[in-house]
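These protein sequence lines map, in sequence, to chains A and B.
This note's numbering puts the first residue of the first sequence at 1495, with every later residue one more than the last.
This note's numbering puts the first residue of the second sequence at 165, with every later residue one more than the last.
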Amino acid sequence: MTTKIQARDGSEPSNEVPVAPEILRILESSAFAELRARRRRFSAILTVLMLVIYYGFIVAIAFAPQWLAIPIDGVITLGIPLGLGVILSAIVLTGIYVRRANGEFDALTAQAIRSARP
Amino acid sequence: MIRPILRTLAATALLAPPASYAAALEGQAVKQPLNITAILMFLAFVAATLGITYWAARRTQSRADFYTAGGGITGFQNGLAIAGDYMSAASFLGISALVFGSGFDGLIYSIGFLVGWPVIMFLIAERLRNLGKFTFADVASYRLDQLAIRKLAAAGTLITVAFYLIAQMVGAGQLIKLLFGLDYQLAVVLVGVLMIVYVTFGGMLATTWVQIIKAMLLLGGASFMAFMVMRHVGFSVEALFEQATAVHKDGLAIMAPGKLVKDPVSAISLGLALMFGTAGLPHILMRFFTVKNAVEARKSVFYATGFIGYFYILTFIIGFGAIVLVGTNGFYLDAANPQGGLRGGSNMAAIHLAHAVGGDVFLGFISAVAFATILAVVAGLTLSGATAVSNDLYAHVFKRGKANERDEIRVSKIATVALGILAILLGIAFEKQNVAFMVGLAFAIAASANFPILLLSMVWRGLSTRGALLGGSLGLVSAVSLTVLGPAVWVKVLGHDSPIFPYDAPALFSMSIAFIGCWLGSVTDRSARARIEKARYVEQLVRAETGYGATGASGH
Chain A
1495 MTTKIQARDG SEPSNEVPVA PEILRILESS AFAELRARRR RFSAILTVLM LVIYYGFIVA
1555 IAFAPQWLAI PIDGVITLGI PLGLGVILSA IVLTGIYVRR ANGEFDALTA QAIRSARP
Chain B
165 MIRPILRTLA ATALLAPPAS YAAALEGQAV KQPLNITAIL MFLAFVAATL GITYWAARRT
225 QSRADFYTAG GGITGFQNGL AIAGDYMSAA SFLGISALVF GSGFDGLIYS IGFLVGWPVI
285 MFLIAERLRN LGKFTFADVA SYRLDQLAIR KLAAAGTLIT VAFYLIAQMV GAGQLIKLLF
345 GLDYQLAVVL VGVLMIVYVT FGGMLATTWV QIIKAMLLLG GASFMAFMVM RHVGFSVEAL
405 FEQATAVHKD GLAIMAPGKL VKDPVSAISL GLALMFGTAG LPHILMRFFT VKNAVEARKS
465 VFYATGFIGY FYILTFIIGF GAIVLVGTNG FYLDAANPQG GLRGGSNMAA IHLAHAVGGD
525 VFLGFISAVA FATILAVVAG LTLSGATAVS NDLYAHVFKR GKANERDEIR VSKIATVALG
585 ILAILLGIAF EKQNVAFMVG LAFAIAASAN FPILLLSMVW RGLSTRGALL GGSLGLVSAV
645 SLTVLGPAVW VKVLGHDSPI FPYDAPALFS MSIAFIGCWL GSVTDRSARA RIEKARYVEQ
705 LVRAETGYGA TGASGH
């Protein structure tokens, strides 16, 4: 048995594509809406953060190389910790994502899948 | 007999080095005396990997086994294998050479290569695993027209793989001449034959384990070198930098950005190619289907990012260590060259450092690892190309999804052998050519043709087949033509005076063209098919987000 899809998020309704009822039940569950909203927001924030860090570094190299050449400790310049910092931030940001996804998002996913049953 | 070897080696890791750097990266690949230790160690690696291939062959029965090792690779193993795919011989030799030559600038390149990984994690990794089975075309064609999208995706895959393979094969031939003292042709044939054996008999399982072993050897070897460098300077970072700036001809200038970044447009365009090209490389994307589920896919990216980041920090220490230990030792310098420079060329910095800290045996070890690295990378590339031929073109386009499993496996093995032979022939044909632009081009095509349709098919309901075809093909054509008209090909290969397109990296433009093409082709598409494709997004969305109904791991 299939049900015609009813658009619930403002998109044009379609009567041409049947959607399985369990898919619709997941789609309409509060856990799914919650998962989607939270994960989308979290991914967007982290992506923007990574882009800002990386392109901030690139723009500094292009426009203010002398700033990166400022010595901070003996011969070590500001650019060295900043560059290594970009590498570490990439690792840390993926780590932060995995941490939240392993707990919160996986729990919500399991909950959403459970709602597939009638 | 001047060969653009170091341009080649650099190219396989570094995207078409800016003109100011090209000179520093050029050199002669003079055949070195036979290096018996290195050859013996390499033979040991070959013996071990052939053993693995034998073991893997007995476990590779089904189509899922061949393409994705039955989905039985763990997140940690896959993270190592991904890191292995990414840590090419050239990124090891090329980036440490760049640090050796100009210090800080080497760091800029390695950072560009790393930052694509978090973005893959946040935007595509989990969805990709939930929606796909064997290739990224499975995902892109999930709700779109199978025939049209698979043809486009297969074209994008094969073109990306071809350019990447040529660069690797030429790099392998040059490297073996330098490190082992063997002939170019012999090296190319050896790489081609071994890779055909790994892939046809052992499929993805053998390819993955070859990659894992190589990644561990490379990380272990590089860690040892970095440790010995730090021991030499009393484990003081400050002492390392002080000694390096004291002996380097550019002195304190190596601690700050130099001439690598010419202008902001080039820098941003290169950054985009590195970042999103990684997310469109078929042999990398395929690795996400070798794990059980989205959870393992997520772990893979985390481990891969960690290993790759750690590796780049090691190359930075190795480069500075080479300034201190190699650059000051007359034994490693080229006596015949009035300008100084390293024996064997500037890309030898890490190799000479291996000798300086570990003697002949360790030199042999690092040389063998460098060669094993190329071998592992070409095996992965070939498998992804063969899968595009057998799964996308044969099974879905030619047989309309009704291929018999045994026939499909046979086609993929034939495709592997054909690609292997083609790689050998191209490797020999391009021996004396300047192939520096090819890896850059592979990344640009991956970022402009593969990535946009993959991403939009997953996150934008509005994408229709017509939009994907328009955007994907415009991205492909613009990436190729802007590269040809740019300085890397128009001036350096074709010998014209000035480029028609001023930038080395076209990604900023070709990616924009691709995304605009996808959008324009989709919003103007009023066909019934487009309406159905948009309506089917709902089902895809649920599966992408939750994994509900996703292909289980092992088929048996």
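Even glycine gets a Cβ: it sits at the ideal position worked out from N, Cα and C.
Tell me which residue opens and which closes the beta strand (DSSP E) that residue i is part of.
i: residue 1567 of chain A; result: 1565-1567
Check for me: the alpha helix (DSSP H) holding residue i runs from which residue to which?
i: residue 1600 of chain A; result: 1600-1608
i: residue 294 of chain B; result: 289-295
i: residue 341 of chain B; result: 310-343
i: residue 558 of chain B; result: That residue, residue 558 of chain B, is in no alpha helix (DSSP H); it is neither H nor E in DSSP.
i: residue 653 of chain B; result: Run containing residue 653 of chain B: none; DSSP gives neither H nor E here.
i: residue 1515 of chain A; result: 1515-1522
i: residue 141 of chain B; result: Beyond the ends of chain B as shown, which are 165 and 720, falls residue 141 of chain B; an answer cannot be given.
i: residue 378 of chain B; result: 348-396
i: residue 612 of chain B; result: Segment: none, residue 612 of chain B is in no alpha helix (DSSP H) and carries neither H nor E.
i: residue 573 of chain B; result: 569-593
i: residue 434 of chain B; result: 428-442
i: residue 409 of chain B; result: 401-411
i: residue 1575 of chain A; result: 1573-1594
i: residue 449 of chain B; result: 446-449
i: residue 424 of chain B; result: Residue 424 of chain B -> no alpha helix (DSSP H), and no H or E assigned at all.
i: residue 303 of chain B; result: 300-304
i: residue 624 of chain B; result: No alpha helix (DSSP H) contains residue 624 of chain B, which DSSP labels as neither H nor E.
i: residue 1560 of chain A; result: 1559-1562
With a 10 Å radius around its C-beta and 16 neighbouring C-beta atoms as the bar for buried, classify residue i as buried or exposed.
i: residue 398 of chain B; result: exposed
i: residue 189 of chain B; result: Its pLDDT being 34, under 50, residue 189 of chain B is placed unreliably in this model, and the value from its coordinates should be taken loosely. It is buried - the Cβ of residue 189 of chain B has at least 16 other Cβ atoms within 10 Å.
i: residue 1560 of chain A; result: exposed
i: residue 688 of chain B; result: exposed
i: residue 363 of chain B; result: buried
i: residue 1612 of chain A; result: exposed
i: residue 462 of chain B; result: buried
i: residue 670 of chain B; result: buried
i: residue 325 of chain B; result: buried
i: residue 376 of chain B; result: buried
i: residue 614 of chain B; result: buried
i: residue 493 of chain B; result: exposed
i: residue 607 of chain B; result: buried
i: residue 562 of chain B; result: exposed
i: residue 165 of chain B; result: Bear in mind that the predicted position of residue 165 of chain B carries a pLDDT of just 33, short of 50, making it too unreliable to give a figure here.
i: residue 495 of chain B; result: exposed
i: residue 1513 of chain A; result: buried
i: residue 679 of chain B; result: buried
i: residue 291 of chain B; result: buried
Hey, residue i and residue j: beta-carbon distance below 7 Å or not?
i: residue 313 of chain B; j: residue 590 of chain B; result: no
i: residue 228 of chain B; j: residue 556 of chain B; result: no
i: residue 336 of chain B; j: residue 357 of chain B; result: no
i: residue 490 of chain B; j: residue 527 of chain B; result: no
i: residue 570 of chain B; j: residue 307 of chain B; result: no
i: residue 1547 of chain A; j: residue 1580 of chain A; result: yes
i: residue 1562 of chain A; j: residue 1572 of chain A; result: yes
i: residue 611 of chain B; j: residue 452 of chain B; result: no
i: residue 642 of chain B; j: residue 674 of chain B; result: yes
i: residue 531 of chain B; j: residue 254 of chain B; result: no
i: residue 327 of chain B; j: residue 547 of chain B; result: no
i: residue 415 of chain B; j: residue 221 of chain B; result: no
i: residue 574 of chain B; j: residue 458 of chain B; result: no
i: residue 559 of chain B; j: residue 572 of chain B; result: yes
i: residue 552 of chain B; j: residue 390 of chain B; result: no
i: residue 510 of chain B; j: residue 265 of chain B; result: yes
i: residue 381 of chain B; j: residue 196 of chain B; result: no
i: residue 586 of chain B; j: residue 550 of chain B; result: no
Rounded to the nearest angstrom, how far is the Cβ of residue i from that of residue j, given a contact under 8 Å?
i: residue 455 of chain B; j: residue 242 of chain B; result: 5 Å
i: residue 1526 of chain A; j: residue 1520 of chain A; result: 5 Å
i: residue 1597 of chain A; j: residue 466 of chain B; result: With 8 Å as the limit, residue 1597 of chain A and residue 466 of chain B do not qualify as a contact, their Cβ atoms being about 14 Å apart.
i: residue 443 of chain B; j: residue 280 of chain B; result: 6 Å
i: residue 541 of chain B; j: residue 332 of chain B; result: 6 Å
i: residue 417 of chain B; j: residue 425 of chain B; result: Wrong, their Cβ atoms sit about 15 Å apart, outside the cutoff.
i: residue 469 of chain B; j: residue 1538 of chain A; result: With 8 Å as the limit, residue 469 of chain B and residue 1538 of chain A do not qualify as a contact, their Cβ atoms being about 19 Å apart.
Which complete beta strand (DSSP E) runs does the segment 217-280 of chain B hold, if anything under 3 residues is left out? Within the segment 217-280 of chain B, not a single complete beta strand (DSSP E) segment reaches 3 residues in length.
Output needed in chain order: residues of the segment 1567-1581 of chain A with a Cβ under 8 Å from some Cβ in chain C. Absent here is chain C; the protein component of the structure consists of chains A and B.
What runs of the beta strand (DSSP E), each 3 residues or longer, lie entirely inside the segment 517-553 of chain B? Complete beta strand (DSSP E) runs here, min 3: none at all.
Give, in chain order, every unbroken run of the alpha helix (DSSP H) that is at least 4 residues long and sits entirely within the segment 452-503 of chain B. Taking 4 residues as the shortest admissible run, the segment 452-503 of chain B contains the following complete alpha helix (DSSP H) segments, listed from N- to C-terminal end: 458-489.
Continuous alpha helix (DSSP H) assignments of at least 4 residues falling wholly in the segment 667-706 of chain B: The qualifying runs are 671-687 and 692-699.
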